[in-house]
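Enquirer: Before we start, here is the structure in question, set down as structure tokens.
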Amino acid sequence: MAKVKGDIEINVERCKGCEVCIASCPFTVIAMTKEVNGKGYHYAIKVNDDCTGCMNCAIVCPDGVITVYRAKVTAE
Amino acid sequence: MEEPFVKTDIRKEENIVYKRTNLLVDRPLSYCPGCGHGVVHRMLMETLEEMGLQDKTIGVSPVGCSVLAYDFMNIDMLGAAHGRAPALATAIKRMWPNRFVFTYQGDGDLAAIGTAETIHACNRGENFVIIFINNGIYGMTGGQMAPTTLPNMRSSTSPYGRDVSIMGHPLKMTELVAQLPGTYYVTRQAVHTPSHVRKTKKALRKAFENQKNNTGISFVEVVSNCNSGWKMTPVQSNKWMEENMFPFYPLGDIKVDGKLVEQKEAVTKE
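So this is what it looks like as structure tokens:
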């Protein structure tokens, strides 16, 4: 059966670390880093492979830093 | 900075389902982390992109945090004097009736200094869209009390909470303008969760569709947070907004197609 898999790409230099995306993700794919970016904000990063490409994080992101990819993959 | 969990088989150009719209200039937004302005900017630009109105739209930016909206939106914009955006939009729409005009205003701009302009533009039934961002505070100048500040809400000029016996009551602009015959579509939305963002985008789309038919003012209020002004983290302020702002400013349509919607249950939580 074909499964939908997703991936997100976060523009970490634009991320302001508001953490709104973390609350909106149904699969806890996103977490904050301990490091900071060039602006001095802790940024969001993908921490596991459970993303389904539902776009929730990208839609609520105030700065629009998240790009979402989605594709059907056939499971063996 | 290496990124873990990169799926190279999925991360391809043809698999993109969502990315920041090109109608937003590729420049970091000047707003605080977690501010609702960024989401409303993006939803507005996505709506215009989907309707193909980039070269037919003229926006009017206010005074307030979003005074720099013209820096981020890749469309024609004008800056209005404080509160005078509806007056300027009236002039633009009357000179260019085939252009799509919107104003983008905060509560200090629309509900305080610009009350007269807003109410008279709505009463005349001009054909443009008013987008009203309500965060209950003067965010840019340091979190002072605004006409929309809730009773007992703390701000930098009401540090013990707003005492309604001295400072008056909050003003519900959206309910007020819904009573006027010139408004055609009046709604109140929010942008703190994905479902609310999607509803806000639908409301904006409807507002611009109405303008195509020259029906009258479409008034979209967005209840937003101001985590810097409220002295909270973005996630805390969203929670505080759900618990305190939404009971007083219930979400939903107030007037659709020129007819007042009967008071239905307030949509406060998901």
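If you're matching them up, the sequences are chains A and B in order. Heads up: the first sequence begins at 1 in this note's numbering, then just goes up one per residue. Heads up: the second sequence begins at 1001 in this note's numbering, then just goes up one per residue. By construction, the Cβ of each residue, glycine as well, lies at the ideal position given by its N, Cα and C atoms.
(1) From which residue to which residue does the alpha helix (DSSP H) around residue 1071 of chain B run?
(2) Go ahead and pull the three-state DSSP assignment for residue 20 of chain A.
(3) Can you pull the chain A residues whose beta carbon is under 9 Å from the beta carbon of residue 1031 of chain B, in chain order?
(4) For residue 1070 of chain B and chain A, any beta-carbon pair shorter than 9 Å?
(5) Applying a beta-carbon distance threshold of less than 7 Å, which residues of chain A neighbour residue 1193 of chain B?
(6) When Cβ atoms are compared, which residues of the stretch 1173 to 1199 of chain B fall closer than 8 Å to chain A?
(7) Rounded to whole angstroms, what's the CA-CA distance from residue 1147 of chain B to residue 1171 of chain B? Just pull it up for me.
(8) At the level of alpha carbons, what is the spacing between residue 1212 of chain B and residue 70 of chain A?
(9) Taking the straight line between their C-alpha atoms, what separation do you get for residue 1190 of chain B and residue 42 of chain A?
(10) Between the alpha carbons of residue 1270 of chain B and residue 1199 of chain B, how many angstroms are there, rounded?
(11) On the three-state DSSP scale, how would you describe residue 1090 of chain B?
(12) With DSSP run on the structure shown, which of helix, strand or coil describes residue 2 of chain A?
(13) For residue 47 of chain A, would you say it is in contact with chain B, using Cβ-to-Cβ distances shorter than 9 Å as the test?
(14) Scan the stretch 1086 to 1135 of chain B and note each continuous alpha helix (DSSP H) run of 4 residues or more that stays entirely inside, going in chain order.
(15) Can you tell me whether DSSP reads residue 1188 of chain B as helix, strand or coil?
(16) DSSP three-state call for residue 1236 of chain B: helix, strand or coil?
(17) Using alpha carbons as the reference points, say which of A/64, A/74, A/72 and A/73 lies closest to residue 1274 of chain B.
(18) Shorter than 9 Å from the beta carbon of residue 68 of chain A to some beta carbon of chain B?
(19) Tell me whether the beta-carbon of residue 66 of chain A lies closer than 9 Å to the beta-carbon of residue 13 of chain A.
Expert: Answer, in terms of the structure:
(1) 1069 to 1072
(2) helix
(3) 16, 62 and 63
(4) no
(5) 24 and 60
(6) 1191, 1192, 1193, 1194, 1197 and 1198
(7) 6 Å
(8) 34 Å
(9) 26 Å
(10) Bear in mind that a pLDDT of 48 at residue 1270 of chain B, under 50, signals an unreliable position, so the model cannot answer this.
(11) helix
(12) strand
(13) yes
(14) 1115 to 1124
(15) strand
(16) helix
(17) Outside the shown range of chain B (1001 to 1270) lies residue 1274 of chain B, about which nothing can therefore be said.
(18) yes
(19) no
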